[in-house]
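See structure below.
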Amino acid sequence: MEFKDSTSYTDLTQGKIKHIDFRIRVDFSTRTLDIEAKYQLQEPVHGSLYLDTFKINLKQAHVGGRELKWEFDTRDDILGERLHLQGLEGDSTFTLMFRTAPEARALQWLNATQTAGGNYPFLYSQCQASHARSIFPCQDTPSVRFTYSAEVEVPQGLVAAMAAEQVRSDALTGEAVSKGQEGSGHGYASVFAFKMPQPIPSYLFALAVGNLVFREFGPRTGIYAEPEMIEAAAWEFAENETKMTEAEKLLGPYLWGRYDLLVLPPSFPYGGMENPRLTFLTSTSILGTRGQTSLITHELAHAWTGNLVTNATWQDFWLNEGWTTYAESRITEVLEGKDVEDLRAAFSEKQLMAVMERIGVDSPLTCLKLPADEKDADSFTTIIPYYKGCFFLKECEYAVGRERFDAFIQKYMASFQFQSLTTEAFLDFLRVELPEVFEKVDVQQWVYKPGLPEERHKPKSYLYDEVQQVLNDYQQGTRPTKEQVQDWHRFQIFSFLQGLSRKIPVEDCPYLEDILELEKRNDAGYYSFFYATCIASGYEAVLPRVEQFMERVGRMLYILPIVRAMIETDWSREYIRPLFERVRDRHHQITANAIDGLLKKAGL
Ligand code: BES
Ligand code: ZN
Numbered sequence: 160m161e162f163k164d165s166t167s168y169t170d171l172t173q174g175k176i177k178h179i180d181f182r183i184r185v186d187f188s189t190r191t192l193d194i195e196a197k198y199q200l201q202e203p204v205h206g207s208l209y210l211d212t213f214k215i216n217l218k219q220a221h222v223g224g225r226e227l228k229w230e231f232d233t234r235d236d237i238l239g240e241r242l243h244l245q246g247l248e249g250d251s252t253f254t255l256m257f258r259t260a261p262e263a264r265a266l267q268w269l270n271a272t273q274t275a276g277g278n279y280p281f282l283y284s285q286c287q288a289s290h291a292r293s294i295f296p297c298q299d300t301p302s303v304r305f306t307y308s309a310e311v312e313v314p315q316g317l318v319a320a321m322a323a324e325q326v327r328s329d330a331l332t333g334e335a336v337s338k339g340q341e342g343s344g345h346g347y348a349s350v351f352a353f354k355m356p357q358p359i360p361s362y363l364f365a366l367a368v369g370n371l372v373f374r375e376f377g378p379r380t381g382i383y384a385e386p387e388m389i390e391a392a393a394w395e396f397a398e399n400e401t402k403m404t405e406a407e408k409l410l411g412p413y414l415w416g417r418y419d420l421l422v423l424p425p426s427f428p429y430g431g432m433e434n435p436r437l438t439f440l441t442s443t444s445i446l447g448t449r450g451q452t453s454l455i456t457h458e459l460a461h462a463w464t465g466n467l468v469t470n471a472t473w474q475d476f477w478l479n480e481g482w483t484t485y486a487e488s489r490i491t492e493v494l495e496g497k498d499v500e501d502l503r504a505a506f507s508e509k510q511l512m513a514v515m516e517r518i519g520v521d522s523p524l525t526c527l528k529l530p531a532d533e534k535d536a537d538s539f540t541t542i543i544p545y546y547k548g549c550f551f552l553k554e555c556e557y558a559v560g561r562e563r564f565d566a567f568i569q570k571y572m573a574s575f576q577f578q579s580l581t582t583e584a585f586l587d588f589l590r591v592e593l594p595e596v597f598e599k600v601d602v603q604q605w606v607y608k609p610g611l612p613e614e615r616h617k618p619k620s621y622l623y624d625e626v627q628q629v630l631n632d633y634q635q636g637t638r639p640t641k642e643q644v645q646d647w648h649r650f651q652i653f654s655f656l657q658g659l660s661r662k663i664p665v666e667d668c669p670y671l672e673d674i675l676e677l678e679k680r681n682d683a684g685y686y687s688f689f690y691a692t693c694i695a696s697g698y699e700a701v702l703p704r705v706e707q708f709m710e711r712v713g714r715m716l717y718i719l720p721i722v723r724a725m726i727e728t729d730w731s732r733e734y735i736r737p738l739f740e741r742v743r744d745r746h747h748q749i750t751a752n753a754i755d756g757l758l759k760k761a762g763l
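Residues 160 to 763 in the numbering used here are what the sequence shown lists, from first letter to last.
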């Protein structure tokens, strides 16, 4: 299979990493990880091996007793530094000793004050898309898969969790562990050991350390959170075991062993991240209503679509996210009914069109297959691959009928399990298995052309239409009443907020907030839309609350629309840069960089 990954320095002709044994010491005082990593290669390598790194302080490289020569020979702000290991003599193992930088892109180090409990520091990683290279030198492309083991030493009292199987957890009296490791700073440590026997791409490596406790839901499912949150968190997601059973019916057997959740402090930049066996989750998903279970459905579905069958490059991101959104919609249909799924589909289509318009319907970023020369995979993270990918797959399903498509899904998962594939490889498989799709659906246009094909099945939803009616009446001058909206589904409220004109009368802002009972519902998703409307409508009194929101919520999907609204609106433009600087420390680097990027683009 011929392809190039513009987001990595990897040269697949040199060889591939097969397995890594890590020994990791977590040092909160210097905000660094000290790591010894023993690499095994697929086959013996002669000469050079290029690895991706980002601000890694490499101390030693050797094969057995033989020192390896190395050079950091290419540098780039986004790609990082290419580590060039030299003089491999048909070796299939080597060992690296190194330290991560305090500003490692994948690592978020939090002070105790930034956690729910307030007494212990916290560390978590986020490697997708191309950040694993800031934790360890690797072939940081989703086309290379490896297994690993890890021994993680943390200060006593803290717990390490990884997206892997835990094989040992004990608190040792420090002397034994820390001896000989300078700058340990504490005499006591606990060691946790993990193994990941299923091969994963580097972006699914994940680690978290904090004051964590665990609660079980069922034989395969449970949740980690700070003690202060565990009760609420465990209640919110108690239905996960059932969800797994449904997912397996659609996608085939779950091949990763356990499926646990980990609730992170609010700065986590995503709603969820599908780290294998252990989904990382934003604390803002705990609503007290079980209202955000679609987030879990999504991350759980990734256990198949993404983790088991993986996009070979980030250009093929829709293979991960479009397939996952499709699976999410199918599972939602079973668990919440067709009406709710139709509503979600109608809302998603509207969202998709809005984003396409913002980006430009002719932009290559609206194609399913994304541009080949982009170095920064995070720039591909729009909802387009999610929703457009899902709608494309629904179109394929309509073409052959659900029964045949379901058989196809199971065969696809089984045929490519633990493999990474390109869009082209997927289309080849589709052509062989379901040739009629190509007769009935303009696959070329869906995949390689920008925008949305005019000829397609458009979502129909009476629950959505109900909201449209209320929006139309409002446009004509009749405000909605509390009675009209009080029983609305979460996605009806979203559809309403989404469907409002950009600007509404200022006095309607507090009115709508009141009748929709936004405060009581406590759902950050609503406020993402609502604050953007308030800002565009000139409701200046909302500013202090926007600042509080930006301090409390780290999920990019929710805060970037507010930042955009502030940039685009005259009165608020001057406030956004100082506001951002005040809340910057609360956020993950990924988020801070995204906001900074928007501000710079606007000349702010
Ligand atoms: N894998 C993504 C998160 C991601 C994407 C991280 C790209 C880094 C780069 C995750 O599965 C996801 O899509 N999360 C969404 C929620 C989902 C329900 C749409 C999010 O975090 O908002
Ligand atoms: Zn996803």
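Backbone N, C-alpha and C define an ideal beta-carbon position, used for all residues, glycine too.
Rounded to the nearest whole angstrom, the C-alpha separation of W482 and L593 is 17 Å. Under the three-state reduction of DSSP output, T274 falls in the coil class, being neither helix nor strand. For T582, the uninterrupted alpha helix (DSSP H) run begins and ends at T582 to E592, by DSSP. Distances from the alpha-carbon of F162 to those of V303, G276 and F257 put V303 closest.
Taking C-alpha positions only, Q604 is separated from P669 by approximately 44 Å. Taking 7 Å as the cut-off, one finds at least one heavy atom of ligand 1 near enough to the beta carbon of G430.
Shortest gap from the CB of T581 to any heavy atom of ligand 2: 7 Å or more. Nearest to A309 by alpha-carbon distance, out of F353, Q267, G276 and R379, is F353. Contact check for A471 against V422 fails: the beta carbons are separated by 8 Å or more. For S251, the closest alpha carbon among the candidates Q298, E487, K197 and V372 is that of K197. The criterion of a C-beta distance shorter than 8 Å is satisfied by Q287 and Y362. Uninterrupted alpha helix (DSSP H) stretches at least 4 residues long and entirely within the segment 264-308 do not occur.
In this structure, ligand 1 has a non-hydrogen atom nearer than 7 Å to the beta-carbon of L454. Across the set W229, Q627, D236 and W730, the C-alpha of W229 shows the shortest separation from the C-alpha of Q245. Taking the C-beta atoms as reference points, S444 is found nearer than 8 Å to G430.
Counting only runs of 4 or more residues that sit fully inside the segment 398-440, the alpha helix (DSSP H) segments are 399-410, in chain order. Around the beta carbon of S488, 16 or more other beta carbons sit within 10 angstroms, so the residue counts as buried. Sorting Y557, A291, A220 and P737 by C-alpha distance to the C-alpha of D601 places Y557 at the top. Of the residues assessed, S654 falls on the buried side of the cut-off, its CB having 16 or more other CB atoms within 10 angstroms.
Residue pairing by DSSP places I179 opposite Y198 and Y307 in a beta bridge. The Cβ neighbour count for R449, taken over all protein chains shown within 10 Å, is under 16; the residue is labelled exposed. Pairing R184 with E312 gives a Cβ-Cβ distance under 8 Å. Between ligand 1 and the CB of R714, the shortest heavy atom gap is smaller than 7 Å. Shown here for W730: same chain residues with a beta carbon closer than 7 Å to its own, the five before and five after excluded, namely G697 and E699 in chain order. The shortest CA-to-CA distance from S426 to any of G447, V368, W268 and D755 is the one to W268. In this structure, L317 sits away from I294, with a CB-CB distance that is not shorter than 8 Å. Each of C297, G249 and L238 was checked against the Cα of L255, and the nearest Cα belongs to C297. Nearest to F231 by C-alpha distance, out of A220, R225 and G224, is A220. Secondary structure note for R234: its beta strand (DSSP E) is the uninterrupted segment K228 to D235. Annotation for E400 indicates a beta carbon at 7 Å or more from all heavy atoms of ligand 2.
Around Q510, the same chain offers I542, Y546 and Q657 as residues with beta carbons nearer than 7 Å, after the five sequence neighbours per side are excluded. Per DSSP, the unbroken alpha helix (DSSP H) holding I568 starts and ends at R561 to S574. By the Cβ criterion, the segment 672-685 is in contact with the segment 633-644, since at least three pairs of Cβ atoms, one from each stretch, lie closer than 8 Å. Secondary structure note for I359: its beta strand (DSSP E) is the uninterrupted segment A348 to P360.
Relative to ligand 1, the beta carbon of Y545 is positioned inside 7 Å of a heavy atom. E710 and M388 have their C-alpha atoms roughly 19 Å apart.
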